[in-house]
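Report on the following structure.
Protein chains in written order, with the working numbering: chain A, 66 to 385; chain B, 67 to 310.
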């Protein structure tokens, strides 16, 4: 549905996007994640033909954004980041303009506008000037404009920014629903949003793709092993290190802290290349504790969250 | 082609709706009607002249247009860029030409309305003497052509400017220069070839033959070609922004 090959965009001396390649299939909801200035919006602007790439190609539904922008724009619904709208129009008038500009069948325009206003919860404000609407309603008008022509591809730049929690849930649910039949690319800073809505993640950093795939796929590539958090009784913090060595040479102690009488908090890292299966699913740790007469009061495998992935990938350059 | 026209007209309708939703357009039209009437009846003293001619009425049109047309066109692109709505327009399936024509038609319609509202003056004066009807038609045709050039120039400046004020000032200055540049040839002694070149550039010079009731194809071609050229440059400015 969307294929991007070695896409680059230069603004003067600034290279905002550098040799980015990815593809998105039908029915996928892809989250573009990245810090401010990473190049997410620039990628979206190129896919919607607002800007042309300096280098590389982008095919939307098999059509090149440079060679046939009008055809591409027919197939794409776009919600820009700042949700620019004509404040002097009402949502009804604005959607009518969009319908006419997109050459929707005049006989079906009223019906479609009505449908979209309902889907976006805008019926109650349909005759109110847009400039008088709240941020949440404006966001919905922007979304209504993007879906009015029922495009197969939706590109949404931070669609839930500025909305209250209820509105966020509504928009997410709408995006999820749309994602069943359409290709959706959305950018966001909200990591939970990606986890809640997206089937795929593209992490962009400094104009390049730092990682892509499902959150689990990226996590398994990055984490390289499991972190276990334990609260143990019957062992002191001084005794624990030599005992841990018996778990295996590759197992390391990340953190140990005395938290009470004969109680310690321990964080272990077990690399994924440790061959013992029992070690990886925690059973090995349990057996090891029994062998050393240590009582396990709490045992928890720490999940590698999207937040961990994001921080790891987007701060690697800084730490270097 | 049909689709292009419909898209351009959709934009024109939207623009006109916004234009007449604010008092500015009404103010501009009233200014045009008042200024031209006061000029004709009080400055040129039409009744005291006792001449059955409207040349002095139409002679002020080039100057008035240099003021009112930039005021109409200034917001066309500059405001879209400022508020970010240009991103919406440019990501809808408009071609650059459809956008420029849509914008042009909306601004031009405002001028057209102003010109239609000026018709009661010649119509009410016609029974008072033996006016040359052909000359009046020619003068209106010249005014329409002149307005087309000024509108396309105003739109181009709006596309080049970041805000309305610079769009207004830029087009005002350029229009004043190309309108009045022929005054150099009548004020100073300039070589004939240079005078011909200066006159060729001047809007007022080409408008003059229309105000005499003469429809010269060279003047007609000048107005049409300059309008088309300015609109074409406008489409290139939009396209250039996509690449830059």
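Glycine included, each C-beta is placed from N, C-alpha and C at the ideal position.
Our contact map puts residue 152(B) next to residue 228(B) with C-beta atoms below 8 Å; I'd like the distance itself, whole angstroms only. Residue mapping note: residue 152(B) aligns to position 86 of the second chain, counting from 1. Residue mapping note: residue 228(B) aligns to position 162 of the second chain, counting from 1. Actually they do not touch by this definition, with Cβ atoms about 11 Å apart.
Ignoring anything shorter than 3 residues, give me the beta strand (DSSP E) runs that lie fully in the region 117-151 of chain A, in order along the chain. 120-125 and 141-144
Whose C-alpha, out of 165(B), 190(B), 231(B) and 234(B), is nearest the C-alpha of residue 300(B)? Your numbering for residue 300(B) matches position 234 in the second chain. The shortest Cα separation from residue 300(B) among 165(B), 190(B), 231(B) and 234(B) belongs to 165(B).
CB contact check: residue 113(A) to chain B, cutoff 9 Å: Locating residue 113(A) in the first chain gives position 48, where the first residue counts as 1. Closer than 9 Å to some Cβ of chain B, the Cβ of residue 113(A) qualifies, so yes.
Please tell me whether residue 305(B) and residue 145(A) are closer than 9 Å, where the distance is taken between their beta carbons. Taking the first residue of the second chain as 1, we reach residue 305(B) at position 239. Taking the first residue of the first chain as 1, we reach residue 145(A) at position 80. Cβ atoms of residue 305(B) and residue 145(A): not closer than 9 Å.
Measure from the alpha carbon of residue 255(A) to the alpha carbon of each residue in 136(A), 242(A), 376(A) and 202(A), then state which is nearest. The count along the first chain starts at 1 and reaches residue 255(A) at position 190. It is 376(A).
Any chain B beta carbon closer than 9 Å to residue 372(A): For the purposes of this step, residue 372(A) is identified with residue 307 of the first chain, where counting begins at 1. So, not an interface residue.
Can you name the residues of chain B whose CB is closer than 9 Å to the CB of residue 297(A)? The sequence position of residue 297(A) within the first chain is 232, counting from 1. Those do not exist, as residue 297(A) stays about 58 Å from chain B at its closest Cβ, beyond 9 Å.
At least one CB of chain B closer than 9 Å to the CB of residue 202(A): is that the case? Position 137 of the first chain, counting from 1, holds the residue named residue 202(A). So no, residue 202(A) is outside the interface.
Determine the direct distance from the alpha carbon of residue 296(A) to that of residue 334(A), and round the result to whole angstroms. Within the first chain, the letter at position 269 stands for residue 334(A). Within the first chain, the letter at position 231 stands for residue 296(A). So the two alpha carbons sit approximately 15 Å from each other.
For the region 161-177 of chain A, which residues have a beta carbon sitting closer than 8 Å to at least one beta carbon of chain B? 162, 163, 165, 166, 167 and 168
Could you please give the first and the last residue of the uninterrupted alpha helix (DSSP H) stretch that includes residue 242(B)? Taking the first residue of the second chain as 1, we reach residue 242(B) at position 176. Residue 242(B) -> alpha helix (DSSP H) spans 230-246.
Figure out for me which residue from 112(B), 275(B) and 163(B) has the closest Cα to the Cα of residue 67(B). Along the second chain, one-based indexing puts residue 67(B) at 1. Nearest of 112(B), 275(B) and 163(B) to residue 67(B), Cα basis: 163(B).
First and last residue of the beta strand (DSSP E) that includes residue 79(A)? As a position in the first chain, residue 79(A) is number 14, starting the count at 1. Taken as a continuous stretch (DSSP letters only), the beta strand (DSSP E) holding residue 79(A) covers 79-89.
Just mark residue 106(A) as buried or exposed, buried being the case when its beta carbon has 16 or more other beta carbons within 10 Å. As a first step, residue 106(A) is located in the first chain; it is residue number 41 there, counting from the start. That one is buried.
Heavy atom of the ligand ATP within 8 Å of residue 378(A) beta-carbon: Annotation note on the ligand ATP: not contained in the displayed structure, which lists no ligands.
Report yes if the C-beta distance between residue 347(A) and residue 293(A) is below 9 Å; otherwise report no. As a first step, residue 347(A) must be located in the first chain, where it is residue number 282. As a first step, residue 293(A) must be located in the first chain, where it is residue number 228. Closer than 9 Å, so yes.
Can the beta-carbon of residue 217(A) be found closer than 9 Å to that of residue 91(A)? Here residue 217(A) corresponds to residue number 152 of the first chain, with the count starting at 1. Here residue 91(A) corresponds to residue number 26 of the first chain, with the count starting at 1. The answer is yes: Cβ separation under 9 Å.
Beta-carbon within less than 8 Å of residue 384(A)'s beta-carbon, same chain only, minus the 5 sequence neighbours each way: which residues are those? Residue 384(A) sits at position 319 when you count from the first residue of the first chain. Note that residue 384(A) scores 45 on pLDDT, short of 50, meaning its location in the model is unreliable; the coordinates nonetheless yield the value given after this. Excluding positions up to five away in sequence, the list is empty.
Going straight from the alpha carbon of residue 298(A) to that of residue 329(A), what length do you get? Reading the first chain from its first residue, position 233 is the one you call residue 298(A). Reading the first chain from its first residue, position 264 is the one you call residue 329(A). Each residue's alpha carbon lies about 7 Å from the other.
Could you check how far apart the C-beta atoms of residue 70(B) and residue 161(B) are, in whole angstroms? I think they sit under 8 Å. On the second chain, position 4 is the one that residue 70(B) refers to. On the second chain, position 95 is the one that residue 161(B) refers to. Correct: roughly 7 Å between the Cβ atoms.
Indicate whether at least one CB of chain B lies closer than 9 Å to the CB of residue 129(A). Here residue 129(A) corresponds to residue number 64 of the first chain, with the count starting at 1. No, its Cβ sits nowhere closer than 9 Å to a Cβ of chain B.
Same chain, Cβ closer than 7 Å to residue 131(B), neighbours up to 5 away in sequence not counted: Walking along the second chain from the start, residue 131(B) turns up at place 65. Cβ within range, chain order: 212, 213 and 216.
With 16 other Cβ atoms within 10 Å as the buried cut-off, status of residue 128(B): Along the second chain, read from residue 1 onward, the residue named residue 128(B) stands at position 62. Counting Cβ neighbours within 10 Å, residue 128(B) comes out buried, since at least 16 surround it.
Are the C-beta atoms of residue 141(A) and some chain B residue less than 9 Å apart? Counting from 1 along the first chain, the entry for residue 141(A) is found at position 76. By this cut-off, residue 141(A) is an interface position.
Taking the continuous beta strand (DSSP E) assigned at residue 363(A), which residues delimit it? By one-based count along the first chain, residue 363(A) stands at place 298. Counting along the chain, the beta strand (DSSP E) containing residue 363(A) begins and ends at 360-367.
With residue 205(A) as the anchor, note down where its alpha helix (DSSP H) starts and where it stops. The residue you call residue 205(A) lines up with position 140 of the first chain. Element bounds for residue 205(A): 200-212.
In chain B, what lies closer than 7 Å to residue 135(A) by C-beta? Your numbering for residue 135(A) matches position 70 in the first chain. Correct list: 159 and 161.
Determine whether the Cβ of residue 153(B) lies closer than 9 Å to any Cβ atom of chain A. For the purposes of this step, residue 153(B) is identified with residue 87 of the second chain, where counting begins at 1. Yes, its Cβ sits closer than 9 Å to a Cβ of chain A.
Quick one: give me the first and last residue of the alpha helix (DSSP H) that residue 336(A) is part of. To locate residue 336(A), count along the first chain from 1; it is residue 271. Note, residue 336(A): premise wrong, no alpha helix (DSSP H); beta strand (DSSP E) at 328-336.
Pairs of beta-carbons, one from the region 186-195 of chain B and one from the region 109-126 of chain B, closer than 8 Å: are there three or more? yes
In the DSSP assignment, find the unbroken alpha helix (DSSP H) run with residue 300(B) in it and report its ends. Your numbering for residue 300(B) matches position 234 in the second chain. Taken as a continuous stretch (DSSP letters only), the alpha helix (DSSP H) holding residue 300(B) covers 283-309.
DSSP bridge partner residues for residue 184(B) (one or two, in chain order): The residue you call residue 184(B) lines up with position 118 of the second chain. DSSP, once it has assigned bridges, lists no residue as partnering residue 184(B).
Should residue 186(B) go down as buried or exposed, given a rule of 16 or more other Cβ atoms within 10 Å for buried? Taking the second chain and counting its residues from 1, the one referred to as residue 186(B) is at position 120. Label assigned to residue 186(B): exposed.
Residue 93(B) at chain C interface by Cβ criterion, 9 Å: No chain C appears in this structure, whose protein chains are A and B.
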